[in-house]
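To keep things clear, I will list the structure first and then write my remarks on it.
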Amino acid sequence: KAGVTQTPRYLIKTRGQQVTLSCSPISGHRSVSWYQQTPGQGLQFLFEYFSETQRNKGNFPGRFSGRQFSNSRSEMNVSTLELGDSALYLCASSSMKDPGLAVHYEQYFGPGTRLTVT
Amino acid sequence: AQTVTQSQPEMSVQEAETVTLSCTYDTSESDYYLFWYKQPPSRQMILVIRQEAYKQQNATENRFSVNFQKAAKSFSLKISDSQLGDAAMYFCAYRSPFSGGGADGLTFGKGTHLIIQP
Chain A
1119 KAGVTQTPRY LIKTRGQQVT LSCSPISGHR SVSWYQQTPG QGLQFLFEYF SETQRNKGNF
1179 PGRFSGRQFS NSRSEMNVST LELGDSALYL CASSSMKDPG LAVHYEQYFG PGTRLTVT
Chain B
-4 AQTVTQSQPE MSVQEAETVT LSCTYDTSES DYYLFWYKQP PSRQMILVIR QEAYKQQNAT
56 ENRFSVNFQK AAKSFSLKIS DSQLGDAAMY FCAYRSPFSG GGADGLTFGK GTHLIIQP
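Line by line, the protein sequences are chains A and B. Quick note on the working numbering: the first sequence kicks off at 1119 and runs consecutively. Quick note on the working numbering: the second sequence kicks off at -4 and runs consecutively.
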């Protein structure tokens, strides 16, 4: 079974631009979570989607948004990019079937998208 | 909000030796899950081991075992017979079993860089 895939793997953008990152979960997985990893702040939870609905969102400004499609693929969008948005963005999927039991399901991570904002 | 602290930014161990990575956490919840993730240079996060707080028995996975001290809110990872392939960043993570109402993803520590000396 193929793992979580993220595209693109590397991206360079300019301040003020917007960017869209894509994540394809493991086949059959309906839950997708996004994390931001930076040297200063470490790994931080962005949001989680299940069956096209955002279940939870971390403490990030409204410039960060996401969505999930009917095939469980997910995208996250960052508008008006700032230098501080430079990070590794990780996507994880799980086979969770009941959101109330999310913690019981292992999250499988993708290789990440490295975003550099200049 | 929960916090996870890894006090050792870097650890070094000789190949075939045993090393213990420390993790403490702060929570007001009585039920939760704890995880150790490994992130090698490829940046792909890999689950090493997980522990359910309601289980008194420490989890083990081959050469990896944990020492879970619930009262002390301590969750250390012991790696026996260290191998060169164990070299990576190791992250301790916490997840609440209660869904909804805000950030519900994994809360990570800052990580410990493990170096294996041949």
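Just so you know, even glycine gets a beta-carbon here, dropped at the ideal spot from N, CA and C.
Residue i - DSSP class collapsed to helix/strand/coil
{"i": "D81/B", "result": "helix"}
{"i": "G97/B", "result": "Low confidence applies to G97/B: its pLDDT is 48, below 50, so where it sits in the model is not reliable enough to give any reading."}
{"i": "G1146/A", "result": "coil"}
{"i": "Q1203/A", "result": "Going by the sequence as given, residue 1203/A is Asp instead of Gln. In the structure shown, D1203/A sits in a helix (DSSP, three-state: H, G or I)."}
{"i": "M40/B", "result": "coil"}
{"i": "Q51/B", "result": "coil"}
{"i": "C1209/A", "result": "strand"}
{"i": "K105/B", "result": "coil"}
{"i": "V61/B", "result": "strand"}
{"i": "Y1226/A", "result": "strand"}
{"i": "V(-1)/B", "result": "strand"}
{"i": "V14/B", "result": "strand"}
{"i": "D76/B", "result": "coil"}
{"i": "K1131/A", "result": "strand"}
Inter-residue spacing [alpha-carbon to alpha-carbon] between residue i and residue j
{"i": "Y1167/A", "j": "P113/B", "result": "43 Å"}
{"i": "Y1223/A", "j": "R1173/A", "result": "15 Å"}
{"i": "Y49/B", "j": "D26/B", "result": "6 Å"}
{"i": "L1161/A", "j": "Y85/B", "result": "12 Å"}
{"i": "S37/B", "j": "D1216/A", "result": "31 Å"}
{"i": "I44/B", "j": "I74/B", "result": "11 Å"}
{"i": "W31/B", "j": "T55/B", "result": "12 Å"}
Beta-bridge partners of residue i, as assigned by DSSP
{"i": "V1196/A", "result": "V1137/A and F1182/A"}
{"i": "M1214/A", "result": "In DSSP, M1214/A forms no bridge with anything."}
{"i": "T1156/A", "result": "G1160/A"}
{"i": "R45/B", "result": "F30/B"}
{"i": "A88/B", "result": "F30/B and F103/B"}
{"i": "N1174/A", "result": "E1166/A"}
{"i": "S1151/A", "result": "E1166/A and A1210/A"}
{"i": "E56/B", "result": "F59/B"}
Chain B contact for residue i (CB, 7 Å cutoff)
{"i": "P1143/A", "result": "no"}
{"i": "G1146/A", "result": "no"}
{"i": "S1151/A", "result": "yes"}
{"i": "P1229/A", "result": "yes"}
{"i": "L1233/A", "result": "no"}
{"i": "F1187/A", "result": "no"}
{"i": "L1063/A", "result": "Nothing in the structure corresponds to residue 1063/A, since chain A is present only between 1119 and 1236."}
{"i": "E1224/A", "result": "yes"}
{"i": "E1166/A", "result": "yes"}
Cβ of residue i within 7 Å of any chain A Cβ
{"i": "G80/B", "result": "no"}
{"i": "F103/B", "result": "yes"}
Heavy atom of the ligand ATP within 6 Å of residue i beta-carbon
{"i": "T15/B", "result": "Looking for the ligand ATP in the displayed structure turns up nothing, as the structure carries no ligands at all."}
Check distances from the C-beta atoms of the segment 38 to 60 of chain B to those of chain A and list, in chain order, the residues that come in under 7 Å. Of all residues in the segment 38 to 60 of chain B, the ones placed with a Cβ closer than 7 Å to any Cβ belonging to chain A are R38, Q39, M40 and L42, in chain order.
When Cβ atoms are compared, which residues of the segment 1175 to 1209 of chain A fall closer than 8 Å to chain B? Under the 8 Å Cβ criterion, the segment 1175 to 1209 of chain A contributes K1175, G1176, N1177, L1206 and L1208.
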